[in-house]
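*Asks:* Dropping a structure here in structure tokens format, bear with me for questions.
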Amino acid sequence: MNDGNLNKKAAVEALILASRRGVTPKKIAKILGMRLNQVMVLVDELTEDYKSKDHGVQLMSVEGKLRFYTKKDLQSYVDRLTKRPLVKITDTQMEVLAIVAVRGPLTRVDVELMRGKSSQAQLAELLKMGLVRRTKSKLPGNPYLYKVTSKFYDVFQIDDVSEIAEKLFQKKESEKQSETSEVSSEQNETVQEESGQSD
Amino acid sequence: MSEEKLVFTLPEFEGPLDLLLFLVRKHRVDVRQIPLSVIADEFVAHLEKMKFLELEVTSDFIIMASTLMQMKSKALLPRMNSQEEQEFSEQKQAFYQQVEEYKKIKDVSKNLRHRLYESYSRNHVKANTLDIEKEVEELPEQLTDAFKSIMKETFEKDRVYTVNAELYSVEERMNELKERFEINLIAELKSMSGRLEIIVTFLAVLELVKLGKYTLVSLEPEPLFRRVEN
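Right, dumping it as structure tokens:
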């Protein structure tokens, strides 16, 4: 029984490493003929195993696909072997990208309403960078609907947009609690700024 | 010596909402706690400063300023009836929501910047980096499902009608399809009369995609292919 589990775990590991762009737990389950929750248990175990100091890689999920990544602390070495080209994004582009990521799919007009400013140039640039894509909608006038691409998830190493937006909901609540007095809201603001930088 | 001028600088703002957030932040309280008239006055005062420094005040700033002044004047006037009252409170709500929403977006944007920075400290690791290996390609499920459901439908048709022996070639079908700017797979296959024709059409579409003449632009609500313009 134990042996069987160990073999399956090894198989999960092998599948993740052999895949080019990562593999979903669903696909692993299909290939190994296991139930999804069984696979998830093994994935959790693997994730824990790799947290050990003896391993230089870690298991992460990006856009639902399991992948191994080198560990942060070893980057100075890894950089000397392989490097990823820098993605240059201006602050305004990042703002538009944030809107598309959190509120997408949405039209250009929706984006502009939220920013109170024309966003055509930023959207065009993001399309060119392959971080955003658009499809024709069935709304009157068939405007394009914009949403983020898989490349967006790859570049930012995000599993799900709720990761970057959920933090905000927590922040919102802490703001509400401290609304009662000015002093506490001040403290809160500084805490926010720190947390924004450290995580 | 006399050429030297005193230079004032103001922080640069992306747009009116950016400026609003800046003004709100100075109060160190929630937007909703600052009286509208205060925000409106500060906003206009800032625009004056920008003009004085010969900075370009774009139309979006002017629009926001006029909206704010309008709301301020409405707040000063005694309300006529409950309908006006309601309209005004809705306008106010919408304004606050816009500011709050924008603040959220700013925060997400900051988060993203941080994620991007962090992502550079992790490299993707995979086992198969050799050229001799090839990923097993799978057609998206929606495509195979579309094909299967059409095949099932025509199975019934085939039992009822006698199909005249007619030969289709993938190449011919490709040439026919190439006239089209867009191909809706389901609609296309549905219009076919026999299984053979459906198979040939499906193959022709796949062949066109393989040749790079068409590309799959969406799977929802139905698979749609579009011609690649050279």
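Top line first, the protein sequences correspond to chains A and B.
Take the first sequence: its letter number 114 is residue 114 in my numbering, and every next letter is one higher.
Start counting at 1 in the second sequence, then tack on 199, and there's your number in my numbering.
All residues carry an ideal CB built from backbone N, CA and C; glycine is no exception.
Does the distance from the CB of A345/B to the CB of E421/B come in under 9 Å?
*Replies:* For A345/B and E421/B, yes; Cβs fall inside 9 Å.
*Asks:* Name, please, each residue of chain A whose Cβ falls closer than 8 Å to the Cβ of I304/B.
*Replies:* E95, A98, I99, V102, M114 and R115
*Asks:* State the beta-bridge partners of T135/A as determined by DSSP.
*Replies:* L145/A
*Asks:* Determine the burial state of I28/A: buried for a count of at least 16 other Cβ atoms within 10 Å of its Cβ, exposed for fewer.
*Replies:* buried
*Asks:* Per DSSP, Q122/A is paired with what?
*Replies:* DSSP lists no partner for Q122/A.
*Asks:* Tell me where the beta strand (DSSP E) around S288/B begins and ends.
*Replies:* Per DSSP, S288/B belongs to no beta strand (DSSP E); it is in the alpha helix (DSSP H), S281 to S318.
*Asks:* Note down, in chain order, every chain B residue with its Cβ under 8 Å from the Cβ of V87/A.
*Replies:* L315
*Asks:* To which residues of the same chain is T266/B closer than 8 Å at the C-beta, ignoring the five residues directly before and after it?
*Replies:* F294
*Asks:* Under three-state DSSP, which class holds H55/A?
*Replies:* coil
*Asks:* Kindly indicate the opening and closing residues of the beta strand (DSSP E) around R67/A.
*Replies:* K65 to T70
*Asks:* Shorter than 9 Å from the beta carbon of S318/B to some beta carbon of chain A?
*Replies:* yes
*Asks:* Going along the region 56 to 79 of chain A in order, which residues come within less than 7 Å of chain B, judged by CB to CB distance?
*Replies:* V57, R67, F68, Y69, T70, K72, Q75 and V78
*Asks:* Taking the straight line between their C-alpha atoms, what separation do you get for F260/B and G130/A?
*Replies:* 31 Å
*Asks:* So what does DSSP say about M60/A, is it helix, strand or coil?
*Replies:* strand
*Asks:* According to DSSP, is L267/B helix, strand or coil?
*Replies:* helix
*Asks:* Straight-line CA distance for Q232/B to V100/A?
*Replies:* 29 Å
*Asks:* Determine contact between the region 140 to 149 of chain A and the region 45 to 58 of chain A, defined as no fewer than three beta-carbon pairs at a distance below 8 Å.
*Replies:* no
*Asks:* Is M391/B close to chain A, meaning its C-beta is less than 9 Å from at least one C-beta of that chain?
*Replies:* no
*Asks:* Please report the Cβ distance between A98/A and L311/B, rounded to the nearest whole angstrom; I am assuming they are in contact, meaning their Cβ atoms lie under 8 Å.
*Replies:* 6 Å
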